[in-house]
Amino acid sequence: MSLVNYIDAAQQYFDDLVIKATDDELFAGGYLRGHFDLAVGYAEVEKLTISIDELNETVEQSLVKAYRNGELNEEDKALVVRLWEEVKALA
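Just so we're on the same page, my numbering is the position in the sequence shown counted from 1, plus 16.
In structure tokens form, the structure reads like this:
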């Protein structure tokens, strides 16, 4: 799968959450989408040629930093982690 196709699939995954997700999943999905979109946007602005693995690593580094800063409670963190695993499985 190409990076562009992966990004498109991930964006569709996030869009689909609006239809089927619980309120908590919507929050976690929106939170995760913010980290994902930030990583994609940074790569685009910097004109970086990155792989799917490199994009995922950037997202994970951002999430770890957020967790360390106490941005999420344990329940929300668990949801974000579960949704992130689902997104990564799209590749």
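All C-beta atoms, glycine included, are put in the ideal place defined by N, C-alpha and C.
No experiment lies behind these values; they were computed from the predicted model shown.
Among the options, the one whose alpha carbon lies nearest that of residue i
i	options	result
Thr38	Ala105, Lys104, Gln77, Leu99	Leu99
Leu33	Arg49, Tyr22, Ile23, Gly57	Arg49
Chain-order list of residues whose beta-carbon lies under 6 Å from that of residue i (same chain, five-residue window excluded)
i	result
Ala25	Leu106
Val75	His51, Phe52, Ala55
Exposed unless 16 or more other CB atoms sit within 10 angstroms - verdict on residue i
i	result
Ala44	buried
Leu71	buried
Leu108	Residue coverage of the chain in this structure runs from 17 to 107, which leaves residue 108 outside it and unanswerable.
Neighbourhood of residue i by C-beta, 8 Å cutoff - its chain only, sequence neighbours within 5 removed
i	result
Ser67	Leu19
Glu102	Tyr29
Spatial neighbours of residue i in its chain, beta-carbon cut-off 7 Å, leaving aside the 5 residues before and after
i	result
Leu95	Asp40, Glu41, Ala44
Ile23	Val56
Lys104	Asn72
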